[in-house]
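Residue numbers (our numbering), protein chains in the order written: chain A, 608 to 914; chain B, 4 to 235. The beta carbon of each residue, even a glycine, is placed where N, CA and C say it ideally should be.
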Amino acid sequence: MSAANFNNTNASALPWFERLDRIDRRWIFLLMFLAVSGPILWIGVTGKTLPEAPTLAARAVFQEIDQLPARSLVLISIDFDPTSAGELQPMATSLVRQCAAKNLRMVFIALWPLGSQVAQQTIQEVIRDDYPALKEGDDFVNMGFQAGNEAVMKLLLTDFAKAFPKDSRGEAASNIPILNSVKSVTDFPLLISVSAGYPGSKEWVQYVISAHNEKMNFVSGCTGVNAPQLYPYFPQQIAGLLGAIKGAAEYESMVNSSLAVEGVVTPPKYSQAQRRMGPQLVAHLFMVGLIIVGNINFFARKRRGAA
Amino acid sequence: MKRIIPMWIAIIGGFAMMLSSFVPLAESAGEVFADIFNVVAAIAFVLGAGSLAKQHLEKLSRREAGWGYSVVTLGSFIVTLFIGMFKIGVHPNPNFPQAAYSGSNDAEGSAWSWIYEYMLTPLTSTMFALLAFFVASAAFRAFRAKNTEAILLLVTAFIMLLGRTFAGVVLTGWFPEWASGLRLENFSIYIMQVFNTAGNRAIMIGIALGVAATGLRILFGIDRSWLGGGEA
C-alpha cells in the first residue's frame with residue numbers, strides 16, 4: 608500500500624483532496640477492522656457494556672411475555688439462518704430465556720431450512736444448560752423445518768399437526784403432550800417470530816395475524832434491514848418489535864435486570880447484544896467520520912473546479 | 004398441453020385458496036391445495052439441487068472462468084448431501100434403538116451438526132460481516148451532499164447512525180425535558196415511526212394493488228408469462 612496504490616505515480620505532487628480521493632480502500636478496511644476489533648477486545652477483557660434505555664417497542668415485547676400466565680403456550684418461529692445470527696441469535700436466546708424463566712411452554716418451528724438447527728442450538732444453550740428441569744415434549748419441543756413458506760402458515764391455521772407432523776426427534780405430533788391442546792396456530796396466545804426476511808414476520812402478519820389478532824398476540828425480532836418494513840405494523844398487528852442489535856440489546860438488558868440475582872454475574876451468553884453495542888458505536892462513529900471527510904474532500908474539489 | 008394443464012392447475016388452485024379465506028364451505032378445498040403446495044415445495048428442493056449440479060457441471064466441462072469455485076461448490080454439495088442422507092454420526096432415536104436411521108441430523112454429535120456449527124455458521128457470518136467494510140468504503144466515496152435530496156439523506160443517516168448507539172445519549176442526553184423529542188435516540192425512533200412508516204405504507208399499498216392485479220391476471224389466464232417459453 609505505497610505509491611503503487613495511486614493511479615498517478617507522482618502522487619505527492621497532487622493537492623491533498625486529490626490524494627485523499629485516491630486513497631487505497633484497504634486503508635479504510637484496516638481502520639474499520641480496528642474500529643470493530645478494539646471495542647470487542649476491550650469489552651472482552653473488562654466485561655463492561657454500555658447502558659441501554661429500552662424503547663416502547665422493546666418494552667412491549669418484554670411485557671407481552673411477562674403478562675402470560677405460567678404454562679401458557681408460546682409458538683416460536685425461527686425464521687433465520689447463521690448468516691443473520693450476529694443480529695438475531697441474541698434476541699432468540701433472550702426470548703427463550705424469558706419464556707423458560709416464566710415457565711411457559713415453548714413450541715419451536717422453522718420456515719427457513721437451517722432454522723431447525725438454530726432452534727436446536729438455542730434449546731441447548733438456554734433450556735438444556737440452564738433450565739434442565741424442563742422436559743422435551745412436555746415443556747418444549749422443536750418441530751423442525753417445513754418447506755412451503757406462506758402455505759405452511761395457511762395450513763397452520765387449520766391443522767397444526769398436518770403442517771408439522773413430527774418433531775425433530777421423529778416423534779409424531781399426536782404423541783407429544785405439549786401439543787395435546789393444539790389444533791391450529793390460534794391456540795397459541797403468543798406467537799414470536801425471529802426473522803431475517805422472507806418468509807418471516809411480514810408474512811406472519813399478512814397470512815395469520817391480520818385475520819386472527821383478536822385470538823393471539825404477535826411479537827417480532829428482526830434485522831436492521833427488515834425493521835423499516837415492520838414498523839408500519841407496530842403496535843396494531845405486531846404488539847412488540849425488536850429492531851436489529853439495538854433492539855436486542857434493549858430487550859436483553861430488561862431480561863437480565865428482571866432475572867438478576869444479587870452476587871451472581873450474568874453469563875456472557877446472555878449479554879451478547881449489549882456487548883455488540885460497543886463495536887457498533889465505534890463503527891458508526893467511524894462511518895460518520897468517513898462521510899464528513901468524504902464531503903470535505905468533495906467540496907474542496909468542487910471549489911477548485913475538479914469535481 | 005404443456006401450457007394448458009399448468010395454467011388450469013394454477014386457476015383452480017388459486018381460486019380455491021382465495022375462496023377458502025372468504026367462504027367457510029371452501030375451507031377444506033383450500034386445505035387440500037395447501038397440502039399439495041407443501042409437497043410441490045418439497046419437490047422444488049430436488050429440482051433446485053438438480054439445477055445447481057447441472058449449472059456447475061456445465062461450467063466445469065467448459066472450463067469457464069472460476070471453474071475452481073464450481074469444484075468447491077459441487078464437492079461441498081455432495082459431501083453434505085451424503086452426510087445428511089446417510090445420517091453419518093447420528094445415534095438412533097432412544098424410542099427406536101433397533102432402527103439405525105431413526106435419529107435426527109439435528110442431534111448434537113452428528114456430522115451434519117458439526118458441519119453446521121464449525122463450517123456453515125462461521126462461513127456465512129464472515130460473508131455477512133464483510134458488508135461492514137464495503138459499506139464503510141462506499142460511504143466515504145459515494146455519500147456526497149450533491150443536492151437537497153442527498154443532504155436530507157445525509158442528515159437522516161447521521162441521526163440514525165448516532166441515535167441507534169450510545170453516542171446519541173452522550174451528545175444530546177443533556178437536552179431539557181421539553182426538548183426530549185430532539186434527543187437523537189428519540190428522534191431516530193420518530194423518523195422510523197413517522198416518516199419511514201408513512202413511506203413504507205405507501206409502498207406496501209402500491210405493491211399490494213400490483214400483486215392483486217397480477218394475481219387476477221394469472222387467475223383469469225390473461226397473464227401466462229409465468230409458464231415460461233417466451234410467449235406471454
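Using only the alpha-carbon positions, how far apart do residue i and residue j sit?
i	j	result
A/K849	A/L682	The displayed chain sequence assigns Leu, not Lys, to residue 849 of chain A. If you take the alpha carbons of A/L849 and A/L682, they lie about 17 Å apart.
A/Q843	A/I816	10 Å
A/P676	B/V49	44 Å
B/R167	B/L185	14 Å
B/V138	B/A29	50 Å
A/F613	A/A890	Because A/F613 sits at a pLDDT of 45, beneath the cut-off of 50, its placement in the model cannot be relied upon, and the following sentence gives the value as read from the coordinates. Distance between the alpha carbons of A/F613 and A/A890: 26 Å.
A/S800	A/V826	7 Å
B/E61	B/L123	26 Å
A/V812	A/G870	42 Å
A/P772	A/G755	14 Å
B/A235	B/K5	A caution first: B/A235 carries a pLDDT of 44, below 50, which makes its placement in the model too unreliable to give a value.
B/S73	B/S140	29 Å
A/S865	A/L786	29 Å
B/P125	B/W117	12 Å
B/Y121	B/S128	11 Å
B/A132	A/I783	40 Å
A/Q836	A/I845	12 Å
B/M10	B/A37	17 Å
A/A707	B/V197	35 Å
A/F640	B/L134	12 Å
A/N824	B/R204	21 Å
A/V668	B/I194	21 Å
A/S644	B/A52	38 Å
A/A642	B/L84	40 Å
A/G901	B/L165	18 Å
B/F136	B/M130	11 Å
A/A620	A/L637	25 Å
A/H819	B/I210	23 Å
My understanding is that residue i touches residue j, with C-beta atoms under 8 Å, so please give their C-beta distance in whole angstroms.
i	j	result
A/N734	A/Q705	Reading off the sequence shown, one finds Ile at residue 734 of chain A, where the question assumed Asn. With a Cβ gap of about 12 Å, A/I734 and A/Q705 do not count as contacting.
A/C855	A/A880	The sequence given here has Ala at residue 855 of chain A, not Cys. Confirmed, about 4 Å.
A/S679	B/D109	Actually they are not in contact, since the Cβ atoms of A/S679 and B/D109 sit about 26 Å apart, beyond 8 Å.
A/S791	A/D766	7 Å
A/R712	A/F687	In fact, because the Cβ distance is near 23 Å, the residues do not count as touching under 8 Å.
A/P697	A/G885	At roughly 14 Å, the Cβ-Cβ gap does not stay under 8 Å, so A/P697 and A/G885 are not in contact.
A/P689	A/L721	7 Å
A/I760	A/Y814	Looking at the sequence shown, residue 760 of chain A is not Ile but Met. With a Cβ gap of about 4 Å, A/M760 and A/Y814 count as contacting.
A/M894	B/A142	5 Å
A/L627	A/N904	5 Å
Are the CB atoms of residue i and residue j nearer to each other than 8 Å?
i	j	result
A/I716	A/S684	yes
A/E694	A/G744	no
B/A56	B/I91	no
B/I39	B/G224	no
A/Y923	A/A660	Because chain A spans 608 through 914 in this model, residue 923 of chain A falls outside it and cannot be assessed.
A/T830	B/I192	no
A/G751	A/S723	yes
A/L648	B/A170	no
B/F190	B/I154	no
A/I635	A/L892	no
B/L222	B/F80	no
A/V725	A/A692	yes
B/G106	B/P95	yes
A/K822	A/T793	yes
Say whether chain B places a C-beta atom closer than 8 Å to the C-beta of residue i.
i	result
A/T700	no
A/G912	no
A/S662	Here residue 662 of chain A turns out to be Thr, not Ser, going by the sequence shown. Yes, A/T662 lies at the interface with chain B (some Cβ there is under 8 Å from its Cβ).
A/G755	yes
A/G693	yes
A/K790	no
A/S775	yes
Is there at least one Cβ from chain A nearer than 8 Å to residue i's Cβ?
i	result
B/F241	A question about residue 241 of chain B goes unanswered here, because the residues of chain B that appear run from 4 up to 235.
B/E30	yes
B/Y119	yes
B/M21	no
B/R65	no
B/M10	no
B/R167	yes
B/M88	no
B/S140	yes
Is any heavy atom in the ligand MG found nearer than 7 Å to the beta carbon of residue i?
i	result
B/D226	Among the components of this structure there are no ligands whatsoever, and the ligand MG is therefore not found.
Using a Cβ cut-off of 8 Å, which residues of the stretch 179–211 of chain B contact any Cβ in chain A, in chain order?
E188, I192, M195, Q196, N199, T200, N203, R204, M207
At a CB distance below 9 Å, what residues from the stretch 635–657 of chain A approach chain B? Give them in sequence order.
I635, F636, L638, M639, F640, A642, V643, L657
Residues of the stretch 72–83 of chain B with a CB closer than 7 Å to any CB of chain A: list them in chain order, please.
none
Could you name the residues of the stretch 879–892 of chain A whose beta carbon sits closer than 8 Å to any beta carbon of chain B, in the order they occur along the chain?
M884, Q887, L888, A890, H891, L892
Using a Cβ-Cβ cut-off of less than 8 Å, give me the residues of the stretch 760–774 of chain A that come near chain B, in sequence order.
K761, L762, T765, D766, K769, A770
Could you list the residues in the stretch 721–755 of chain A with a C-beta less than 8 Å from some C-beta on chain B, going in chain order?
L721, S723, Q724, Q727, Q728, Q731, N749, G751, Q753, A754, G755
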